[in-house]
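J.:
Number of protein chains: 2
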Amino acid sequence: MSTPERLIEATRELLWDRGYVGTSPKAIQRQSGAGQGSMYHHFTGKPDLALAAIRRTADELRASAEASFSSEGTAYERIRGYLLRQRDVLRGCPVGRLTMDPDVIAGDALRAPVTETIDWLRGELARIVQEGLDAGEFSAHLVPEEIAATVVATVQGGYVLARASGSPAAFDAGVRGLLALLAPRTA
Amino acid sequence: MSTPERLIEATRELLWDRGYVGTSPKAIQRQSGAGQGSMYHHFTGKPDLALAAIRRTADELRASAEASFSSEGTAYERIRGYLLRQRDVLRGCPVGRLTMDPDVIAGDALRAPVTETIDWLRGELARIVQEGLDAGEFSAHLVPEEIAATVVATVQGGYVLARASGSPAAFDAGVRGLLALLAPRTA
DNA sequence: GTCTATATTGTGATAGAC
DNA sequence: GTCTATCACAATATAGAC
Numbered sequence: 001m002s003t004p005e006r007l008i009e010a011t012r013e014l015l016w017d018r019g020y021v022g023t024s025p026k027a028i029q030r031q032s033g034a035g036q037g038s039m040y041h042h043f044t045g046k047p048d049l050a051l052a053a054i055r056r057t058a059d060e061l062r063a064s065a066e067a068s069f070s071s072e073g074t075a076y077e078r079i080r081g082y083l084l085r086q087r088d089v090l091r092g093c094p095v096g097r098l099t100m101d102p103d104v105i106a107g108d109a110l111r112a113p114v115t116e117t118i119d120w121l122r123g124e125l126a127r128i129v130q131e132g133l134d135a136g137e138f139s140a141h142l143v144p145e146e147i148a149a150t151v152v153a154t155v156q157g158g159y160v161l162a163r164a165s166g167s168p169a170a171f172d173a174g175v176r177g178l179l180a181l182l183a184p185r186t187a
Numbered sequence: 001m002s003t004p005e006r007l008i009e010a011t012r013e014l015l016w017d018r019g020y021v022g023t024s025p026k027a028i029q030r031q032s033g034a035g036q037g038s039m040y041h042h043f044t045g046k047p048d049l050a051l052a053a054i055r056r057t058a059d060e061l062r063a064s065a066e067a068s069f070s071s072e073g074t075a076y077e078r079i080r081g082y083l084l085r086q087r088d089v090l091r092g093c094p095v096g097r098l099t100m101d102p103d104v105i106a107g108d109a110l111r112a113p114v115t116e117t118i119d120w121l122r123g124e125l126a127r128i129v130q131e132g133l134d135a136g137e138f139s140a141h142l143v144p145e146e147i148a149a150t151v152v153a154t155v156q157g158g159y160v161l162a163r164a165s166g167s168p169a170a171f172d173a174g175v176r177g178l179l180a181l182l183a184p185r186t187a
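Respectively, the protein sequence lines represent chains H and Y.
In terms of the UniProt record's numbering, the first sequence opens at residue 1 and continues consecutively.
In terms of the UniProt record's numbering, the second sequence opens at residue 1 and continues consecutively.
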């Protein structure tokens, strides 16, 4: 792997585990095996490197979600697929956690990929819920954008519950509760 | 206000906005108006002061939630009251945000109040959902602990959506979606 | 109780040799 | 492209005067 590549990957790991304020250039250098000089040769500084790392993480998350969304099945099945897809629950969401980082949220550059990713997620889910409504799968009084927000929030909040309790079980409980509420009436 | 009091309050504000790793003793001293010497006279260091601050924040959050839970009304109405209670949405949850702080989660001392608060919330909500089930208010197939987790997750995740989009509207959308899913069948 | 001085290590970066 | 100085400032304290 090239040096810029190793720097970006190391930064992604550190941002995921410690956030932006908790990630120092020195830690990035240690984790990537690159020296001081290399890092500042390839990137202008910590914000520049963090931006590259965040963008890549956002792209990966999007590609991964897209796979769930475009699978076969009813709207409910696709939402269930998204909710139950494998996750590193105790590590949290590598994009969502950045919303709690003051230095990420404060500036436009680092915040943009975060905003776009979460907004895109809500939009895709809203589209799926609308398809479910059109198919008569869900109660007609449900509002697609609201249900989409509830689904994304349950996932993001599920990470909080899991980390608070120290167990992925809390995440799973929240997801199962949501699926029970969302389930098409089979009676 | 006494000096220890001002130190604790300043730390609470900073922890809320910047997290534990983002909060320095110097910033606490500036915000509280206390000097270096005072801070280290009243507290052994940053972790000690943070513990006092986190405990107080957790106690306040619990008291505030208790007010919603113990109000009059059906189970659905009490859950709705909790979900719609006034919040500083864009600032996030002062307790939940600490779950993303590596130095808080890593140690038992600082993590304990966070764990206890979130676990307590889930327990109280599960109790209310059970009451709703007993009263025939909810579908019998719902599992109280799961719905409770979904409710808390929707709130915690709602903060993430709001901060990602820069608007409290995203939080409100998630809550309305959940309430629509949870609403007793009126037909 | 509060203040100032001092200390060690880390942060985030620049400069210039190789 | 990478390395080793070097730098100014912040983080997180300790020591001891007042």
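Yeah, the Cβ is synthetic: ideal placement off N, Cα and C, and Gly gets one too.
Report, in whole angstroms, the separation of the C-beta atoms of Pro184 of chain H and Phe138 of chain H, which I expect to be a contact under 8 Å.
T.: Confirmed, Cβ separation roughly 7 Å.
J.: So, are the CB atoms of Gly96 of chain H and Gln156 of chain H less than 8 Å apart?
T.: Against a cut-off of 8 Å, the Cβ pair of Gln156 of chain H and Gly96 of chain H comes out as a contact.
J.: Quick test of the definition: if touching needs 3 or more C-beta pairs under 8 Å, does the segment 73-83 of chain H touch the segment 23-40 of chain H?
T.: Touching, no, given that fewer than three Cβ pairs across the two stretches are closer than 8 Å.
J.: Cutting at 7 Å between CB atoms, please list the residues of its own chain near Ala140 of chain H, excluding the five before and the five after it.
T.: Correct list, in chain order: Leu133.
J.: Near Tyr159 of chain H, what residues of its chain come up, given a Cβ to Cβ distance below 6 Å and the 5 sequence neighbours on each side ignored?
T.: Only Gly92, Cys93 meet the Cβ criterion.
J.: Expressed to the nearest angstrom, what Euclidean distance is found between the alpha-carbon atoms of Pro25 of chain H and Lys46 of chain H?
T.: Going by the C-alpha atoms only, they are around 6 Å apart.
J.: Whose C-alpha, out of H:Ile105, H:Leu179, H:Val175, is nearest the C-alpha of Arg87 of chain H?
T.: Cα-wise, what sits closest to Arg87 of chain H is H:Val175.
J.: Suppose only complete runs of 4+ residues qualify. What are the alpha helix (DSSP H) ranges in the segment 130-173 of chain H, listed by chain order?
T.: For the segment 130-173 of chain H, whole alpha helix (DSSP H) runs of length 4 or above, ordered along the chain, are 144-165.
J.: Given a cut-off of 8 Å on the beta-carbon distance, is the pair residue 201 of chain Y and Leu181 of chain H in contact?
T.: Because residue 201 of chain Y is not part of the residues shown, which for chain Y are 1 to 187, the question remains open.
J.: Report the rounded CA-to-CA distance for Leu142 of chain H versus Glu9 of chain Y, giving the unit in angstroms.
T.: So the two alpha carbons sit approximately 42 Å from each other.
J.: Should Met1 of chain Y be labelled buried (16 or more other beta-carbon atoms within 10 Å of its own) or exposed?
T.: Label assigned to Met1 of chain Y: exposed.
J.: Residues of chain Y with CB closer than 8 Å to the CB of Ser165 of chain H, please, in chain order.
T.: Under the 8 Å cutoff, chain Y gives Thr115, Ile118, Asp119.
J.: Within its chain, find whatever has a CB closer than 7 Å to the CB of Ala148 of chain Y; leave out the 5 residues flanking it on each side and keep chain order.
T.: Here the set comprises Arg122, Leu125, Ala126, Val129.
J.: For Gly177 of chain Y and Thr150 of chain Y, I'd like the C-alpha separation in whole angstroms.
T.: Taking the straight line joining both Cα atoms gives about 12 Å.
J.: At a CB distance below 7 Å, what residues from the segment 84-112 of chain H approach chain Y? Give them in sequence order.
T.: Against chain Y - using a Cβ distance shorter than 7 Å - the residues of the segment 84-112 of chain H are Gly92, Gly96, Arg97, Thr99, Met100, Pro102, Ile105.
J.: Just by C-beta distance, which residues in the UniProt DNA-binding region "H-T-H motif" (24-43) of chain H are closer than 7 Å to chain Y?
T.: Per Cβ criterion, the list is empty.
J.: I want to verify the contact list: residues of chain H whose CB lies under 8 Å from the CB of Gly123 of chain Y, in sequence order.
T.: Within 8 Å Cβ-Cβ: nothing; Gly123 of chain Y doesn't reach chain H, min ~11 Å.
J.: On a Cα-Cα basis, can you pick out the residue from H:Gly107, H:Arg18, H:Leu90, H:Gly73 that is closest to Ser165 of chain H?
T.: Taking only the C-alpha atoms, the option nearest Ser165 of chain H is H:Leu90.
J.: Helix, strand or coil for Ala34 of chain H? Go by DSSP, reduced to three states.
T.: It is coil, neither helix nor strand.
J.: Starting from Ser64 of chain Y, follow the alpha helix (DSSP H) in both directions and report where the run begins and ends.
T.: Run containing Ser64 of chain Y: 46-69, per the alpha helix (DSSP H) assignment.
J.: Please tell me whether Arg62 of chain Y has its Cβ less than 8 Å away from any Cβ of chain H.
T.: No, Arg62 of chain Y lies away from the interface with chain H (no Cβ there is under 8 Å from its Cβ).
J.: Does Ala149 of chain Y have its Cβ less than 8 Å from a Cβ in chain H?
T.: By this cut-off, Ala149 of chain Y is an interface position.
J.: By the 7 Å beta-carbon criterion, what residues does the segment 170-183 of chain Y contribute toward chain H?
T.: From the segment 170-183 of chain Y, only Ala170, Ala173, Gly174, Arg176, Gly177, Leu178, Ala180, Leu181, Leu182 have a Cβ closer than 7 Å to chain H.
J.: Secondary structure at Ala187 of chain H, three-state DSSP: helix, strand or coil?
T.: Residue confidence for Ala187 of chain H is low, a pLDDT of 48 falling below 50, so the modelled location carries little weight and cannot support an answer.
J.: Rounded to the nearest angstrom, what separates Ala106 of chain Y and Thr74 of chain Y at their Cα positions?
T.: Approximately 40 Å, taken between the alpha carbons.
J.: Leu110 of chain H and Leu179 of chain H: beta carbons closer than 8 Å?
T.: Cβ distance not < 8 Å, so Leu110 of chain H and Leu179 of chain H don't count as in contact.
J.: Taking buried to mean at least 16 other C-beta atoms within 10 Å of its own C-beta, is Ser32 of chain H buried or exposed?
T.: Buried.
J.: Using the three-state DSSP reduction, which class does Val21 of chain H fall into: helix, strand or coil?
T.: Note: Val21 of chain H maps to coil in three-state DSSP.
J.: Does the distance from the C-beta atom of Thr44 of chain Y to that of Arg12 of chain Y stay below 8 Å?
T.: Not in contact: Thr44 of chain Y and Arg12 of chain Y (Cβ atoms no closer than 8 Å).
J.: Around the Cβ of Gly19 of chain Y, are there at least 16 other Cβ atoms within 10 angstroms (buried) or fewer (exposed)?
T.: With 16 or more other Cβ atoms within 10 Å, it is buried.
J.: Taking Thr154 of chain Y as the query, report the chain H residues whose CB atoms sit under 7 Å from its CB, ordered along the chain.
T.: Within 7 Å Cβ-Cβ: Thr150, Ala153, Thr154, Gly157.
J.: Starting from the C-beta of Ala170 of chain Y, find all residues in its chain whose C-beta is less than 8 Å away, skip the five residues before and the five after it, and write them out in chain order.
T.: Cβ neighbours of Ala170 of chain Y beyond the five flanking positions: Gly158, Leu161, Ala162, Ala164.
J.: Given this structure, state the Cα-to-Cα distance separating Gly136 of chain Y from Glu145 of chain Y, to the nearest angstrom.
T.: Each residue's Cα considered, the two are about 17 Å apart.
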